[in-house]
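S.K.: Provided herewith is a single structure, encoded as structure tokens, for subsequent inquiry.
Numbering (this note's numbering), first residue to last: 342 to 769.
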């Protein structure tokens with residue numbers, strides 16, 4: 342049903358939805374969110390399998406927005422009623438002669454609604470306000486929404502999840518046996534995120550005394566550090582923590598890390614990991630079990646279950662949950678009451694370094710609320726090179742801005758040609 346990575350709405354996302362819509366969705370309601378392309382947070386919102394809108398973070402206004410779909414007006418009263426017509430309405434402005442009650446439009450225009458519910462016979466629509474007129478954006482036939490609980494989905498999907506678990510275990514068993522015969526040392530990487538939590542626990546079913554490694558970059562959330570300790574204790578994990586606290590020492594030499602140049606990944610993770618593996622396993626080659634999933638990003642979409650490390654020449658990585666989507670991961674976590682990182686309930690989708698350029702800007706602004714000292718230290722540095730307005734909107738995350746970010750600059754009134762000239766001068 343879903344083409345992109347999909348998940349249950351988190352506590353924070355439920356809170357945002359309720360604030361924007363005035364509804365009272367509960368944390369155990371089956372509200373699903375499907376990731377959409379964009380420069381920041383943007384997801385379709387489903388009640389069970391029916392789309393009711395899109396939730397997104399607006400980088401211009403730095404605010405959350407909910408854009409309703411026609412079926413949203415099954416739970417929200419439409420403001421405008423139209424007479425039946427055979428004329429095409431989608432993409433057209435509403436004309437007065439089509440109004441059941443012209444006063445409805447006048448009342449709507451007194452408010453500051455951007456999106457307005459429209460009904461016509463058996464159809465519902467979304468109207469978009471354009472000054473003193475309303476244009477019909479979309480229409481859909483009425484349909485009763487099927488409100489379910491997460492527990493309903495877990496029960497319904499149990500067979501499918503069991504098959505996925507069984508297949509992942511088979512991959513682990515076959516690969517581990519093969520690489521043990523080759524004389525490889527075998528371990529698992531644990532980041533403190535949901536994916537590596539699942540892959541680690543599945544791996545322990547195959548290797549009960551499995552070595553597990555966590556790399557502390559010095560940029561982790563304190564909640565993550567506490568969670569890693571609690572997770573290791575609860576599941577009796579042989580955990581080694583590697584010191585990767587090299588970011589601030591390398592920052593002046595390497596510059597601001599970006600999506601295009603994540604030097605921090607090498608300095609704070611791969612190099613410390615390579616030293617650790619050499620020290621722990623000597624001259625042995627290493628098979629590392631990793632929680633990478635192909636649904637996470639376009640760059641991972643074509644991965645195979647095994648891949649030789651491009652940085653550590655004696656390491657091979659195994660991805661037993663490669664084909665799982667976020668819904669599968671969370672289904673496994675909820676079905677088995679697995680301890681997960683509390684940052685997921687606080688508005689974070691990516692658990693890692695708090696200043697990661699690959700994180701969402703909406704997440705970065707949550708750092709300001711939850712850990713203002715971390716936020717201020719990084720912002721203070723970024724403001725040496727960017728005006729505050731661009732820092733807060735994440736322009737530092739790219740070496741070369743994508744088209745949508747260039748559009749954002751224009752919307753902000755940035756003199757792009759002047760900026761290009763200044764950049765050329767500073768590079769001389």
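Think of the CB as a built atom: it goes at the ideal place given N, C-alpha and C, for glycine as much as any other residue.
Give me the Cα-Cα distance between residue 439 and residue 481, rounded to the nearest whole angstrom.
M.R.: Taking the straight line from one Cα to the other gives about 18 Å.
S.K.: With a Cβ-Cβ cutoff of 8 Å, do residue 534 and residue 692 count as a contact?
M.R.: Yes, the Cβ-Cβ distance between residue 534 and residue 692 is below 8 Å.
S.K.: State the start and end residues of the unbroken beta strand (DSSP E) segment that holds residue 658.
M.R.: Per DSSP, residue 658 belongs to the beta strand (DSSP E) from 656-659.
S.K.: Per DSSP, residue 649 is paired with what?
M.R.: BP columns for residue 649 point to 657.
S.K.: Taking 8 Å as the threshold (C-beta atoms), are residue 580 and residue 628 in contact?
M.R.: No, Cβ-Cβ distance for residue 628 and residue 580 is not below 8 Å.
S.K.: Look at the alpha carbon of residue 518 and the alpha carbon of residue 573, and state the distance between them as a whole number of angstroms.
M.R.: Between residue 518 and residue 573, the C-alpha separation is close to 25 Å.
S.K.: Which of helix, strand or coil does DSSP assign to residue 597?
M.R.: It is coil, neither helix nor strand.
S.K.: In three-state terms, what does DSSP make of residue 411?
M.R.: Here residue 411 sits in helix by DSSP.
S.K.: What's the C-alpha gap between residue 768 and residue 351?
M.R.: Note on residue 768: pLDDT 46, under 50, position unreliable in the model; no value is reported.
S.K.: Apart from the five residues on each side of it in sequence, which residues of its chain come closer than 6 Å, Cβ to Cβ, to residue 461?
M.R.: If we look at residue 461 and ignore the five residues flanking it on each side, its Cβ neighbours are 423.
S.K.: For residue 403, which residues from the same chain have a beta carbon less than 8 Å from its beta carbon, with the 5 sequence-adjacent residues on both sides left out?
M.R.: 706, 733, 734.
S.K.: Grouping DSSP H, G and I as helix and E and B as strand, with all else coil, what is residue 629?
M.R.: Reduced to three states, the DSSP call for residue 629 is strand.
S.K.: Taking the C-alpha atoms as reference points, what is the distance between residue 523 and residue 556?
M.R.: The straight-line gap from Cα to Cα measures roughly 27 Å.
S.K.: Check each candidate in 744, 626, 731, 670 and name the one with the smallest Cα separation from residue 401.
M.R.: Answer by Cα proximity: 731.
S.K.: Would residue 546 pass as a contact of residue 578 if the rule is Cβ separation under 8 Å?
M.R.: No.
S.K.: Measure the C-alpha to C-alpha separation of residue 648 and residue 532 and round it to an integer number of angstroms.
M.R.: C-alpha separation (whole angstroms): 19 Å.
S.K.: Please classify residue 763 as buried or exposed, where buried requires at least 16 neighbouring CB atoms within 10 angstroms.
M.R.: With a pLDDT of 49 at residue 763, under the threshold of 50, the predicted position of this residue should be treated as unreliable, though the coordinate-derived value follows. Exposed is the call here.
S.K.: Taking residue 702 and residue 398 to be in contact with their CB atoms under 8 Å, please state how far apart those CB atoms are, rounded to whole angstroms.
M.R.: Indeed they touch by this definition, with Cβ atoms about 7 Å apart.
S.K.: For residue 422, does the three-state DSSP call read helix, strand or coil?
M.R.: In this structure, residue 422 counts as strand in the three-state DSSP scheme.
S.K.: With a CB to CB cut of under 8 Å and the five nearest residues on each side skipped, what residues in its chain are close to residue 765?
M.R.: In this predicted model, residue 765 has a pLDDT of only 43, less than 50, meaning its place in the structure is not dependable; the value taken from the coordinates is given anyway. Cβ within range, chain order: n/a, list empty.
S.K.: Considering only residues of the same chain and omitting the five flanking positions on each side of residue 780, which have a CB-CB separation below 8 Å?
M.R.: It is not possible to answer for residue 780, since the shown part of the chain is limited to 342 through 769.
S.K.: In the DSSP assignment, find the unbroken beta strand (DSSP E) run with residue 480 in it and report its ends.
M.R.: Its beta strand (DSSP E) spans residues 474-482.
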